[in-house]
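Trainee: If you're matching them up, the sequences are chains A and X in order. Going by my numbering, 92 is the number at position 92 of the first sequence; the sequence numbering is gapless. Going by my numbering, 486 is the number at position 359 of the second sequence; the sequence numbering is gapless.
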Amino acid sequence: MLIVEDEAIVAMSLGAVVEQFGHEVAGTVATGRGAVAEAARLEPDIVLMDVRLADSLDGISAAERIAAERPVHFIFITAYSDSATIERIRRLGAPILSKPVAAEALRKAIAAARLPDPDSGPKGGSA
Amino acid sequence: MSEVAAPLAESDGNPAPARSRRQPLPGRRALVALPVVAALPVVIFAVIVVVLFDREQRRVIEQQLVHYARSAVQTADLILTSRMAMLQSLSAVAEEGDVEGFRRLAERLLERQGDWLYFSLARPLGGEAMALQSRPGIVVPAAAGGFSLPRGDDDEYTAAFAMVTRDGRQVPAVLLRKSAGTGDEFVLTAALDATPFSAALVGQGVPDQWIAAILEPGYRIVGRSRAQTEFVGSEATPSLVSEIAATDEKFFYSLNKEGERVYTAFSTSPMTGWTAAVGAPAGLIEAPLRRTAYATIGGGAAAMVLALLLGGILVRNVSERHGAERRLLELESEARAEQRLSEIAANFPGVIYRRTMDPAGNISFPYLSAGAERLVGPDMRERMRGPVAFEELLSSAVHPEDQARWRESLLQSSATLQTHDVEGRLRTPDGGVRWVRSTASTSRTADGAVVWDGVVLDITALKEAEAALREQTRRLEAINRINTSLTAELNLDRLVQAITEASTQLSGAKFGAFFYNVTAPEGDSYALYTLHGAPREAFQRFPMPRNTAVFGPTFNGEGIVRSDDITKDPRYGRNEPYRGMPKGHLPVRSYLAVPVTSRSGETIGGLFFGHPEPGVFGAGAEEIVAAIAAQAAIAVDNARLYRQAEQEIEARRRTEEHQALLLAELNHRVKNTLAVVLAIAQQTLKHSPSAEVFNAAFQGRLQALARAHTVLTEGNWTTARLRTLIDEALAPHVAADSGRISIAGPDVIVPPKPALALSLVMHELATNALKYGALSSAAGRVAVSWQPCEPESICLEWQEEGGPSVGTPAGHGFGSKLIEINVRHELGGSIETEFRQTGFHCRLVLPWDPASRQLTPYRE
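#1: Please report whether the beta-carbon of A:E7 lies at a distance below 8 Å from any beta-carbon of chain X.
#2: Are the C-beta of A:K108 and some C-beta of chain X separated by less than 8 Å?
#3: Could you spell out where the alpha helix (DSSP H) holding X:R453 opens and where it closes?
#4: If you check the beta carbons only, do X:V888 and X:L849 fall under 8 Å apart?
#5: If the cut-off is 7 Å on Cβ atoms, which residues from the region 887-905 of chain X count as contacting chain A, listed in chain order?
#6: Between the beta-carbon of X:P263 and the beta-carbon of X:A289, is there less than 8 Å?
#7: Could you pull the start and end residues of the beta strand (DSSP E) that X:N489 belongs to?
#8: With a threshold of 7 Å on Cβ separation, who are the neighbours of X:F229 within its own chain once the five nearest residues in sequence on each side are excluded?
#9: Whose Cβ in chain X lies nearer than 9 Å to the Cβ of A:R52?
#10: Counting only Cβ pairs nearer than 7 Å, list the residues of chain A close to X:E783.
#11: Can you find a CB in chain A that lies within less than 8 Å of the CB of X:E953?
#12: Which first and last residues belong to the beta strand (DSSP E) in which X:K377 is found?
#13: Pull up the distance between the alpha-carbon of X:A760 and that of X:D692, whole angstroms please.
#14: Helix or strand or just coil, what does DSSP make of X:E961?
#15: Can you tell me where the beta strand (DSSP E) with X:E362 in it begins and where it stops?
#16: Anyone know if the C-beta pair for X:E749 and X:I687 falls short of 8 Å?
#17: By the 10 Å Cβ neighbour count, where 16 or more other Cβ atoms means buried, how is X:S785 classified, buried or exposed?
#18: Consult DSSP for X:R867 and reduce its assignment to one of helix, strand or coil.
#19: I'd like to confirm the pairing. Which residues does DSSP put opposite X:R304 in its beta bridges?
#20: Enumerate in chain order the residues of its own chain whose CB-to-CB distance from X:E961 is below 7 Å, with the five nearest sequence positions on each side excluded.
#21: Should the region 717-724 of chain X be called in touch with the region 734-744 of chain X, which here means at least 3 C-beta pairs below 8 Å?
#22: What is the DSSP secondary structure of A:G15, counted as helix, strand or coil?
#23: Per DSSP, X:T657 forms a beta bridge with which residues?
#24: Using a Cβ-Cβ cut-off of 8 Å, state whether X:G945 counts as contacting chain A.
#25: Between the region 5-33 of chain A and chain X, which residues of the former have a C-beta closer than 8 Å to a C-beta of the latter?
#26: Considering only the alpha carbon of each residue, which of X:R512, X:E628, X:V677, X:Y643 lies closest to X:P662?
#27: Rounding to the nearest angstrom, what Cα-Cα distance links X:G273 and X:M398 in this structure?
#28: Within the continuous alpha helix (DSSP H) that includes X:P974, where are the two ends?
#29: Using the C-alpha atoms, what's the distance from X:K880 back to A:G27?
#30: Could you say if the region 26-44 of chain A and the region 825-835 of chain X meet the contact criterion of at least three C-beta pairs nearer than 8 Å?
#31: Using beta carbons (cut-off 8 Å, strictly below), is X:A831 in contact with chain A?
#32: Which residue marks the beginning of the beta strand (DSSP E) containing X:A354, and which one marks its end?
#33: Of all the options X:V164, X:N474, X:F180, which has the alpha carbon lying nearest to the alpha carbon of X:L433?
#34: Are the CB atoms of X:A363 and X:P350 within a distance shorter than 8 Å?
#35: Let's see if you can read the secondary structure: which residues bound the alpha helix (DSSP H) around X:L902?
#36: Helix, strand or coil, according to DSSP, for X:T838 in the structure here?
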């Protein structure tokens, strides 16, 4: 699992929660470009993705680039709630968790992402 | 008009006299009624006199009749009482039983008193009955209707009328009877001749034509002044009987025994009950009254007739005089009307004429009023008297463009005899024309000539007014059309161009310009804004117009300047350097300039028009341009407002977008902050052995974040100063003036997110120093310094000294981890720590942009 989050303390906390749920955190990055690079390198099955990142490449665009390379489940964790951002994420088919995210909500989202995909779709949080 | 019409109506001599002949003047009746009314009181007075006289006559007659009646009844009473007294004496003798004495006395009475006819004594007291009579052959009826007479004792007297037989014939008599004692032991009867009663009436002096009568209580006539034989002994008329039965005395109107109408009065004696009635024939009484009435009424009627005759004579005289006066007035009125018509015709503003055209087509004017001379001149007037050929007159008097219309109208009216009505222009002696309207009624004479009687009215002023009105209408329509288009135009550039073009075209200018006021730094100057009728190059070689004597009034909004030849205007050529138009300037003689002034009073600019010919711009052009300028000012104002409104709307839209972005950013930032706080809480809790430890650590970290937020807010969340961030982060742990902290370094600008991370890092370093390092002892000190180092980096040193000796810790707590991830992830830098003998040392290398002096955690 790759955590893409520009707030370091939040990324660290998310990592702790995910590990507590029994998942392995392959890496943590704060930038969009870093996410694309780390996803290619680490090949995670799930990416916890923030929208605003430390560089100019936002999380949605980074996710699009990552998904273009290989199938990955994205779970977006963001403080944005405007309709345009939500619509962009919806087009990726990924679930959205609002910051600050509750641990239980995160667990369910990860669990849902790990279910077998009947269509073997390459991306989307419904997998 | 009415003042003229009224005298004319009088002067025609028809309506008013006709009315006078048909209807009598009101004064004629009055003249007849006057004598009648004057005589009427006389007549009424006469009638009243007759009535009063009649009443007085009747009252006199009544008094006389009553007087005679009273006298007659008194005479009857006297006769009766005297005879009763005699009878009383005779009765007294009889009652004494002296029969002989009774006889002697009775015989003496019969002998001496000729009216006694008979005495009888029945059932005498102690004696024999006897009867004595004045002469033999007197038969007294056994009984007669009795009546009572007043008596003073128990004796009873009765008197009754009876017819007594004397000498074989019936004579009226009165039977007197006296009885005395109970059961009529004594009865004395006497017969008295009634003749004395009639004789007494005759002696009363009653007029011969009157009738008097005496009636006994049984209403039989005892005596009568006339026709005694016929009526004495008969009963009175029923009307008299009923009146006597009702009252003792009365005057009334009735019929007498002869059937004659009589005025009657009667009087009844209260002593004897006998009545005397006196009647006066009505004809006799009323004769003088009728004569008086006839005389009076006849006199009144005669007076009335006389009055009527006098009235008639008077009326006739007055009518004749009135007729004469009226005829005189008619003649005077006709003379005045004729004079007035002559004056009207002479003063008529047009021409009154009679025109004839003979069968050969020659025209003549038998009558032409004086107005013709004023209109066409004396020569033409004389010429028109004719005869003159139709076409010749037409061509010499009528404007060529109107001759066809005039000819057609005249020929048509001459053919149809309909009204001739035409408008056209006549030539005037001075070579000009006057618009006229000729209207005439048409007739034809027995010799076939056509006659027109009519008027010619000068309608030049009306035509000029119509032309002016059409021109005014055309201008207003043009102005309205232009104003409509100007009002609809909100683009300022297109608007001023449209204003320039429209006003130039409508004013008749060769070219026009709209100069828009612009204040130049060097003073008053004006920018050439729009042009029409001339290329822009024609003006580009010249400087902008200035506030010269010619242009100033327009640019200052003082008013319109219009000149038929501006080169001759005293204001022209007074300003340097050109003193007039510069060489090469478009030629301008006619000049018109109108200021365009806003509703606020601001002079927006000026419309200038020029023409190379003089006298081009008249009042109409000025009026048009002034109207356009007024509307142009409004339109320019509107365009300006529209542009301003557009700018304000755009600014408001950007503001609203910015506000939306800010709200979204705020929402994002709050949520992010909450996520950070939650993460700090979770991690702090995870690494805290107790609640107290968690509480202290968590509060410290939250306060560090809060202070960083405060610093960023003061900088509007754009940047913060590194020095400020470090001061604020260390302030809760050690006083700045304690001498234990030294902070030094150049000005470094920190963006918001690195500022939060750096605040947390400083907080964790200070907390460690306070717990374990230099600040845990009183002598310990901390030095914080930074300098640019390495390529595009800032090296920040944290050096502790004077504290307890420190060694490398066996493990790292959450604080160390927090420092590390913030430095590496949030600040994009690196960290080196060293636990020296002198104290803890930490070195941060942070990406930095020397140009902007700003930390740059992540470079693209």
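By construction, the Cβ of each residue, glycine as well, lies at the ideal position given by its N, Cα and C atoms.
Mentor: Taking the geometry as given:
#1: Indexing the first sequence from 1 puts residue 7 of chain A at position 7. Interface residue, yes.
#2: Working through the first sequence from its first residue, we reach residue 108 of chain A at position 108. So, not an interface residue.
#3: Walking along the second sequence from the start, residue 453 of chain X turns up at place 326. First-last of the alpha helix (DSSP H) with X:R453: 409-474.
#4: Within the second sequence, residue 888 of chain X is the residue found at index 761, counting from 1. Within the second sequence, residue 849 of chain X is the residue found at index 722, counting from 1. Contact flag unset, no.
#5: none
#6: Within the second sequence, the letter at position 136 stands for residue 263 of chain X. Within the second sequence, the letter at position 162 stands for residue 289 of chain X. No, they are not a contact pair.
#7: By 1-based counting over the second sequence, the position of residue 489 of chain X is 362. Segment 489-495, the beta strand (DSSP E) holding X:N489.
#8: On the second sequence, position 102 is the one that residue 229 of chain X refers to. Closer than 7 Å at Cβ, skipping near neighbours: L217, V220, A221, L248.
#9: On the first sequence, residue 52 of chain A is found 52 positions in, with the first residue counted as 1. Within chain X, the residues near A:R52 are H795, N799.
#10: Within the second sequence, the letter at position 656 stands for residue 783 of chain X. Residues of chain A passing the Cβ test: none, with the nearest at roughly 15 Å.
#11: For the purposes of this step, residue 953 of chain X is taken as the residue at position 826 of the second sequence. Chain A, which has a Cβ nearer than 8 Å to the Cβ of X:E953, makes this yes.
#12: Taking the second sequence and counting its residues from 1, one reaches residue 377 of chain X at position 250. Unbroken beta strand (DSSP E) run through X:K377: 376-382.
#13: Counted from its first residue, the second sequence places residue 760 of chain X at position 633. Counted from its first residue, the second sequence places residue 692 of chain X at position 565. Taking the straight line joining both Cα atoms gives about 27 Å.
#14: Mapped onto the second sequence, residue 961 of chain X falls at position 834. X:E961 falls in the strand class under three-state DSSP.
#15: Locating residue 362 of chain X in the second sequence gives position 235, where the first residue counts as 1. Looking at the DSSP string, X:E362 is not in any beta strand (DSSP E), and its letter there is neither H nor E.
#16: Numbered from 1 along the second sequence, position 622 holds the residue referred to as residue 749 of chain X. Numbered from 1 along the second sequence, position 560 holds the residue referred to as residue 687 of chain X. Contact flag set, yes.
#17: In the second sequence, counting from the first residue as 1, residue 785 of chain X sits at position 658. The identity of residue 785 of chain X in the sequence shown is His, whereas the question assumes Ser. Exposed is the call here.
#18: Within the second sequence, the letter at position 740 stands for residue 867 of chain X. Looking at X:R867 - three-state DSSP - the assignment turns out to be coil, as it is neither helix nor strand.
#19: Here residue 304 of chain X refers to the residue found at position 177 of the second sequence. DSSP output for X:R304 lists X:T285, X:T316 as bridge partner(s).
#20: Position 834 of the second sequence, counted from the start, is the residue given in the question as residue 961 of chain X. H968.
#21: yes
#22: On the first sequence, position 15 is the one that residue 15 of chain A refers to. The answer is helix: DSSP assigns A:G15 an H, G or I state.
#23: Locating residue 657 of chain X in the second sequence gives position 530, counting from the first residue. In DSSP, X:T657 forms a bridge with X:F641.
#24: As a first step, residue 945 of chain X is located in the second sequence; it is residue number 818 there, counting from the start. According to the sequence provided, residue 945 of chain X is Leu. The question's Gly does not apply to it. Chain A, which has a Cβ nearer than 8 Å to the Cβ of X:L945, makes this yes.
#25: D6, E7, A8, I9, V10, A11, M12, S13, L14, A16, V17, T28, A30, T31
#26: Counted from its first residue, the second sequence places residue 662 of chain X at position 535. Checking every option, the nearest Cα to that of X:P662 belongs to X:E628.
#27: Along the second sequence, read from residue 1 onward, the residue named residue 273 of chain X stands at position 146. Along the second sequence, read from residue 1 onward, the residue named residue 398 of chain X stands at position 271. Its pLDDT being 49, under 50, X:G273 is placed unreliably in this model, and the value from its coordinates should be taken loosely. Looking at the two C-alpha atoms, the distance is approximately 16 Å.
#28: Looking up residue 974 of chain X in the second sequence gives position 847. Not the alpha helix (DSSP H): X:P974 falls in the beta strand (DSSP E), residues 967-976.
#29: Residue numbering aside, residue 27 of chain A sits at position 27 when the first sequence is read from its first letter. Residue numbering aside, residue 880 of chain X sits at position 753 when the second sequence is read from its first letter. Using only the alpha carbons, I get a separation of about 22 Å.
#30: no
#31: Counting from one through the second sequence, the residue named residue 831 of chain X turns up at place 704. X:A831 does not count as touching chain A.
#32: The count along the second sequence starts at 1 and reaches residue 354 of chain X at position 227. Here X:A354 belongs to no beta strand (DSSP E), and DSSP marks it neither H nor E.
#33: Position 306 of the second sequence, counted from the start, is the residue given in the question as residue 433 of chain X. Of X:V164, X:N474, X:F180, the residue nearest in Cα terms is X:V164.
#34: Residue numbering aside, residue 350 of chain X sits at position 223 when the second sequence is read from its first letter. Residue numbering aside, residue 363 of chain X sits at position 236 when the second sequence is read from its first letter. The sequence given here has Gly at residue 350 of chain X, not Pro. Their beta carbons are not under 8 Å apart, which means X:G350 does not touch X:A363 by this criterion.
#35: The residue you call residue 902 of chain X lines up with position 775 of the second sequence. That residue, X:L902, is in no alpha helix (DSSP H); it is neither H nor E in DSSP.
#36: Working through the second sequence from its first residue, we reach residue 838 of chain X at position 711. A small correction: the amino acid at residue 838 of chain X is Val; Thr does not occupy that position in the sequence shown. Helix.
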